[in-house]
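The structure appears below as structure tokens.
Number of protein chains: 2
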Amino acid sequence: MRTQTPPQNQTQLSHEVVGNIYPKKTATMRFTYKKCLGPLLVSGLTLLALFYAWSPGTSSVVDVRPRQGSPLQKLLNETILGIVSGYHNDIAYHIKEDVACRLALNTCVCLADKETLHLPFSNLLFPRAWAHNVSQAFLESHPDPEGAKRHRAQEYNSFQRRSYSPADELIIAEAGSPLQYPTQGVKVRPLKTIIIPGLGLKEETRSNHVVYLTATLGTFDVAATVDRVDVKGEGEKHMTLSSPLLSALNRQLQFVTYTNTVFHPKTADTVRFATEAHQSFFSIKIGHATVPKLYNSGSQKEYNISALVTIATKTFLRYDKLKDLIDSVRQYYPTVTIVIADDNKHPQPVTGPHIEHYIMPFGKGWFAGRNLAVSQVTTKYVLWADDDFIFTANTKLERMVDILERTTLDLVGGAVREVTGYSATYRHTISVEEGGEEGNCLHIRNGYHHVIEGFPNCVVADAVINFFMGRTDKVLQVGFDPRLSRRGHLEFFVDALGSLHIGSCSDIIVSHASKIKLPWTKTESQKAYDKFRYSLSSADSNISNEIFYFKDRFKCMTSH
Amino acid sequence: MRTQTPPQNQTQLSHEVVGNIYPKKTATMRFTYKKCLGPLLVSGLTLLALFYAWSPGTSSVVDVRPRQGSPLQKLLNETILGIVSGYHNDIAYHIKEDVACRLALNTCVCLADKETLHLPFSNLLFPRAWAHNVSQAFLESHPDPEGAKRHRAQEYNSFQRRSYSPADELIIAEAGSPLQYPTQGVKVRPLKTIIIPGLGLKEETRSNHVVYLTATLGTFDVAATVDRVDVKGEGEKHMTLSSPLLSALNRQLQFVTYTNTVFHPKTADTVRFATEAHQSFFSIKIGHATVPKLYNSGSQKEYNISALVTIATKTFLRYDKLKDLIDSVRQYYPTVTIVIADDNKHPQPVTGPHIEHYIMPFGKGWFAGRNLAVSQVTTKYVLWADDDFIFTANTKLERMVDILERTTLDLVGGAVREVTGYSATYRHTISVEEGGEEGNCLHIRNGYHHVIEGFPNCVVADAVINFFMGRTDKVLQVGFDPRLSRRGHLEFFVDALGSLHIGSCSDIIVSHASKIKLPWTKTESQKAYDKFRYSLSSADSNISNEIFYFKDRFKCMTSH
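Chains as they are written, first to last, in my numbering: chain Y, 68 to 627; chain G, 68 to 627.
Encoded structure:
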């Protein structure tokens, strides 16, 4: 131990780092080879036996069942309840309707918008939203509705308990507290040690100043000691620091450390910091930091589309259209990789440079194919294109890369131009309203949130058309649920809520091979495709209802 | 506005919820059909024109380039800096070595463990860790090392800015503050309104009590008004509340609302709550809540393995072994679905009930195949098995399902028994040490963290053997990087850090088809497989180095 002049920043202590996570082997032995073969053999065998018996790792046992909440957590909850259940209940108030009505009541009602226009064509000109009671639709056709409800509640309960983190709990800072402490931003990697920043005490002079620290998933210590401060419980879950000198105690508090001792890859420990008369709580986030997924696409001035983008598509019964897509792509991007997921009954070879063709079981489906294709992409970005799109001079992938490189967007949609000249961007906003036990309400509306600064033709939305470019790792993190076989588009964007920042640019345009076909001019393959794709199978709507009711836990869906 | 008796809980206001997110259409018209065809036509065309011109959504423009930090953020940073740069710098301290040495210095050194035993077989008995300087290895063989370094720094910078959230900033609560406020746990869905819980003021009586609220991504208002309290700035980003009566002000503070006005799917707003002399900061998390991904596997007493689990595998040049695997699975689980990713040059049909066979481009590779297989799974859990495993009576998948159902584990590995009788669980712990600009250090060691309570044969680790069951959605969220063609195992677990809670049970055992073959007894296919798989291609090690150096941003890797 040595005294030294205090450094500028309290967190800089000049010591070598020694990883202290793994148990160290500390036995040493000396011997002479020739004279002691016998003992050597015995020792060797003993060591061998020890080696097999010794498992690197502590022998501690930890409960990893979903945690209900430590005693400290319970104390925190009671304290907060005390604060929010309020005092001053005798003072009257006047409701401010236009604000109060915006508050969620956690009991969303499955209603469509009210009709505001009474014109014969109002439905066409100003499409109303309709409401679909998903709960009813799913449970009605279910052999055991009560069982299904119960099962969903169980699964949801399990999901909530697994996703629970003490870092999400409500904590309220007490007024007039003598304690200074960090309320946000403290984190530690599993089993490592940090200095807790910002601890302090500010109270009037007294004979002895005392503070207490308590944790559950780790222990406290001090990285340095200060004269005239008494520290009890170093290396334990409960530590007490006291001193007759307030300034000395505060100096000591600058060196308090926290060491995570109970391993968990991602959780938080609630720490209690208190005096006799006051207490405070704060979280220390514990967990492995996410390892980044950076893509090496070479550092060049212009965007190298082949190095940055892979085009992904799925094909079924439309090899002619697929060929047209590929040919059109090659006109503008001769070396970009195209990944094709193919679930035809009798797959034909699709070959060519930079073409990757994947054969799936027959009819495995739309979302399965999309998930497959994206799972094979090795570039930073993936561009989704339907197999009946045609690239034109307006299909500037560089523009999509540009906005993804320069903003926080994870995915950007373009526009699909029909033969009529009409371009669709299919922008939608999505919101979820809490609904309590019965499930939430999903609201989908045409439209967008706002224009993007610097990109006047682009907006932010929650869902876009099926021509988009996205960060590969983020798109696959959301995933395309392989249970959706034939229909499905918005389901991906519902799954993406809270994960993807989504944009839409109207000036990056791909053409749609003509859909306008007179019935007698359709080719055989066209007819087969239409029959397969557009036949309203009750199995399909059942799957859709199941996805919305069970998987996503909605009770209602309103949409245009 | 009406007065009413104050409810028990301040957050319960009995009003109907009216979604206020979308601009409402408020025009109404009356007309008579027969008499006014002319005006009708004109009106109709006007409406049509209006309809096309009117885009649902605000016309506001928002900057979505990675945010540097709002003015409020800067104020917060300066305040915190003031607090942590410390006072009492004149008070001396004594370093406590054994604690101080555990603190990370953000400059990890690429060193292997020191040798602690000097025995002839010490390397075998007590394997030392070796250090691999990934930076050096990658940059040495790179045509443009400076360019690569610069490009990685750019990509990482971009990644950091995109992942940044104000909710991660350090905030310190001031001691002796008259303010009461929530420090954690306040969240609002995009563009919605909440009551901010826990706001309060506790100061000595004075002629006027004043508090200020400031935000950046939203506005304040009050859901109810209280007599004798003056509120200025309702509906704005800065609101002031004042009253000569402290109790009235506190009652008013119970009704303060926050409305998010700048859309973002996942961010936080830093709110400043202050008096003249004191200030406090807290975060309101803004974002879509994640929609759950619940699986409907029927509510039954026993685990229905076919409904809950899909077996995924990849095959290459070993159809005979694959057949053995399938036959052995069918002995115990006749109807469980088996998904097979196949990148043989000349794929053979693999058929049978509940078999899904996927053909990939030749030699696309190991991780691509794993990613593909998992992307096709529609059940809650996916079991990974190599194509040369054999199921036995000890391969009880029910046990794996049990631990996944009852704990917070996302993935659990089993044991693979070799022909010799030796079972391997391949348990490893992984940690990452910060390294500054040059990249971090990755440490991989044999071993585990702790035993799991209630499951005496199971432990928690960071990596396990290639026989594991995991939650399908979580496994795919991590993903198997398709760039890793031939080798790779721990890379998945490195990508999983911070995402998956991983366990390993030694009593769920699968057998490994014998690998012990005398060279002259190997079949042609065996020889071809070994040649393909085990040939040390420099391309492979280059890809590995690139993954570790560039993608994961490591400079060093130490391992057993």
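Glycine included, every Cβ here is placed at the ideal spot set by N, Cα and C. Note that the coordinates shown come from a computational prediction; the quantities given were computed from them, not determined experimentally.
If we cut at 7 Å on Cβ distances, does Y:Ala-204 have a partner in chain G? Position 137 of the first sequence holds residue 204 of chain Y. No, its Cβ sits nowhere closer than 7 Å to a Cβ of chain G.
Y:Ala-171 - DSSP class collapsed to helix/strand/coil: The residue you call residue 171 of chain Y lines up with position 104 of the first sequence. It is coil, neither helix nor strand.
Determine whether the Cβ of G:Arg-550 lies closer than 7 Å to any Cβ atom of chain Y. Here residue 550 of chain G refers to the residue found at position 483 when the second sequence is read from its first residue. At a cut-off of 7 Å between beta-carbon atoms, G:Arg-550 makes contact with chain Y.
Going along chain G, which residues have a C-beta under 9 Å from Y:Gly-349? Position 282 of the first sequence, counted from the first residue, corresponds to residue 349 of chain Y. With the sequence shown as reference, residue 349 of chain Y is identified as Phe, and Gly is not the correct amino acid for it. Going along chain G in sequence order, the residues near Y:Phe-349 (Cβ under 9 Å) are Ala-240, Thr-250, Gln-251.
Tell me G:Ala-580's beta-bridge partners as DSSP assigns them. Position 513 of the second sequence, counted from the start, is the residue given in the question as residue 580 of chain G. None; G:Ala-580 has no bridge partner.
Tell me, please, whether the region 532-539 of chain G touches the region 141-148 of chain Y by the rule of three or more beta-carbon pairs shorter than 8 Å. Because the criterion of three Cβ pairs below 8 Å is not met, the region 532-539 of chain G and the region 141-148 of chain Y do not touch.
What does Y:Leu-280 pair with, by DSSP beta-bridge criteria? In the first sequence, residue 280 of chain Y corresponds to position 213, counting from 1. Y:Leu-280 has Y:Met-306, Y:Phe-340 as its beta-bridge partners, per DSSP.
Assign Y:His-42 to one of three DSSP states: helix, strand, or coil. This structure gives no information on residue 42 of chain Y, because the portion of chain Y shown stretches from 68 to 627.
Can you check the region 387-415 of chain Y for any alpha helix (DSSP H) of at least 4 residues that lies completely inside it and give the ranges in chain order? Runs found: none.
Leaving out five residues on either side along the sequence, give the residues of the same chain with a beta carbon under 7 Å from the beta carbon of G:Ile-426. As a first step, residue 426 of chain G must be located in the second sequence, where it is residue number 359. In the same chain as G:Ile-426, and ignoring 5 residues on each side of it, the C-beta atoms closer than 7 Å to its own belong to Asp-409, Pro-414, in chain order.
Please go through the same chain and pick out, in chain order, the residues whose beta-carbon is closer than 6 Å to the beta-carbon of Y:Glu-36, but skip the five residues on each side of it. Within the shown structure, residues of chain Y are numbered from 68 to 627, placing residue 36 of chain Y beyond reach of any answer.
Tell me the residue span of the alpha helix (DSSP H) that contains G:Arg-437. In the second sequence, counting from the first residue as 1, residue 437 of chain G sits at position 370. For G:Arg-437, the uninterrupted alpha helix (DSSP H) run begins and ends at 433-442, by DSSP.
Do you know how far the Cα of G:Leu-567 is from the Cα of Y:His-305? Sequence index remark: in the first sequence, residue 305 of chain Y carries index 238 (1-based). Sequence index remark: in the second sequence, residue 567 of chain G carries index 500 (1-based). So the alpha carbons of these two residues sit roughly 30 Å apart.
Residues of chain Y with CB closer than 8 Å to the CB of G:Thr-377, please, in chain order. On the second sequence, position 310 is the one that residue 377 of chain G refers to. Neighbours of G:Thr-377 in chain Y, taken as residues whose beta carbon is under 8 Å from its own, are absent, since the nearest beta carbon is some 10 Å off.
Can you check whether the CB of Y:Phe-547 is closer than 7 Å to the CB of Y:Asn-411? As a working mapping, residue 411 of chain Y is identified with position 344 in the first sequence. As a working mapping, residue 547 of chain Y is identified with position 480 in the first sequence. No; because the gap between Cβ atoms is not below 7 Å, this pair is not in contact.
Near Y:Ala-171, what residues of its chain come up, given a Cβ to Cβ distance below 8 Å and the 5 sequence neighbours on each side ignored? For the purposes of this step, residue 171 of chain Y is taken as the residue at position 104 of the first sequence. Cβ neighbours of Y:Ala-171 within its own chain (closer than 8 Å, five residues either side excluded): Glu-500, Glu-501.
Between which two residues does the beta strand (DSSP E) holding Y:Asp-297 run? One-based indexing of the first sequence puts residue 297 of chain Y at position 230. Element bounds for Y:Asp-297: 297-299.
Answer yes or no: does any C-beta atom of chain G fall closer than 7 Å to that of Y:Tyr-386? By 1-based counting over the first sequence, the position of residue 386 of chain Y is 319. No, Y:Tyr-386 lies away from the interface with chain G (no Cβ there is under 7 Å from its Cβ).
Can you tell me the Cβ-Cβ gap for G:Tyr-248 and Y:Ala-240, rounded? I've got them flagged as a contact below 8 Å. For the purposes of this step, residue 248 of chain G is taken as residue 181 along the second sequence, with counting starting at 1. For the purposes of this step, residue 240 of chain Y is taken as residue 173 along the first sequence, with counting starting at 1. Indeed they touch by this definition, with Cβ atoms about 6 Å apart.
Selection of the region 307-323 of chain G by Cβ proximity to chain Y, strictly under 7 Å: Listed by position along the chain: Ser-314, Ala-315, Asn-317, Arg-318, Gln-321, Phe-322.
Examine the Cβ distances between the region 606-622 of chain Y and the region 199-212 of chain Y and report whether three or more of them are shorter than 8 Å. Per the Cβ contact rule, the region 606-622 of chain Y is in contact with the region 199-212 of chain Y (3 or more Cβ pairs under 8 Å).
How long is the line joining the alpha carbons of G:Asp-42 and Y:Thr-272, rounded to whole angstroms? The shown model of chain G, from 68 to 627, leaves out residue 42 of chain G, and the question about it has no answer.
Residues of the region 418-429 of chain Y with a CB closer than 8 Å to any CB of chain G: list them in chain order, please. Listed by position along the chain: Glu-423, His-424, Tyr-425, Ile-426, Met-427, Pro-428.
Kindly confirm or deny that the region 368-387 of chain Y and the region 263-280 of chain Y touch, where touching means at least three C-beta pairs closer than 8 Å. Contact between the region 368-387 of chain Y and the region 263-280 of chain Y is absent, because fewer than three Cβ pairs lie under 8 Å.
What are the boundary residues of the alpha helix (DSSP H) that includes Y:Tyr-515? The residue given as residue 515 of chain Y occupies position 448 in the first sequence. Here Y:Tyr-515 belongs to no alpha helix (DSSP H), and DSSP marks it neither H nor E.
With respect to the alpha helix (DSSP H) encompassing G:Ala-204, which residues constitute its N-terminal and C-terminal limits? Residue mapping note: residue 204 of chain G aligns to position 137 of the second sequence, counting from 1. First-last of the alpha helix (DSSP H) with G:Ala-204: 201-207.
Proximal residues of chain Y, C-beta to C-beta of G:Phe-560 below 9 Å: Mapped onto the second sequence, residue 560 of chain G falls at position 493. Result: empty, since nearest Cβ-Cβ is about 10 Å, beyond 9 Å.
Would you call G:Arg-318 buried or exposed, if buried means 16 or more other Cβ atoms sit within 10 Å of its Cβ? If you number the second sequence from 1, residue 318 of chain G lands on position 251. Buried, by the Cβ-count rule.
Would you check if there are 3 or more beta carbon pairs closer than 8 Å linking the region 322-329 of chain Y to the region 280-294 of chain Y? By the Cβ rule, the region 322-329 of chain Y counts as touching the region 280-294 of chain Y, because three or more pairs are nearer than 8 Å.
Using a Cβ cut-off of 8 Å, pull out every chain Y residue sitting near G:Glu-485, in sequence order please. Position 418 of the second sequence, counted from the first residue, corresponds to residue 485 of chain G. Listed along chain Y is no residue with a C-beta nearer than 8 Å to that of G:Glu-485; the closest approach is about 16 Å.
Could you give the DSSP three-state label for Y:Arg-550: helix, strand or coil? As a position in the first sequence, residue 550 of chain Y is number 483, starting the count at 1. When secondary structure is reduced to three states using DSSP, Y:Arg-550 falls in the coil class, being assigned neither helix nor strand.
Of all the CB atoms in chain Y, is at least one closer than 7 Å to the CB of G:Tyr-160? Position 93 of the second sequence, counted from the first residue, corresponds to residue 160 of chain G. With 7 Å as the cut-off, G:Tyr-160 counts as an interface residue toward chain Y.
As assigned by DSSP and simplified to three states, the class of G:Asn-612: Mapped onto the second sequence, residue 612 of chain G falls at position 545. Residue state, collapsed to three classes: helix.
Unbroken stretches of the beta strand (DSSP E), 3 residues or longer, contained in the region 239-270 of chain G: 246-251, 260-262, all fully within the region 239-270 of chain G.
If we require 4 or more residues per run, which alpha helix (DSSP H) segments fall completely within the region 447-516 of chain G? Considered as a whole, the region 447-516 of chain G harbours 464-473 as its complete alpha helix (DSSP H) runs of no fewer than 4 residues, in chain order.
Tell me the DSSP secondary structure of G:Thr-324 in three-state form. Translated into positions along the second sequence, residue 324 of chain G becomes position 257. In this structure, G:Thr-324 counts as strand in the three-state DSSP scheme.
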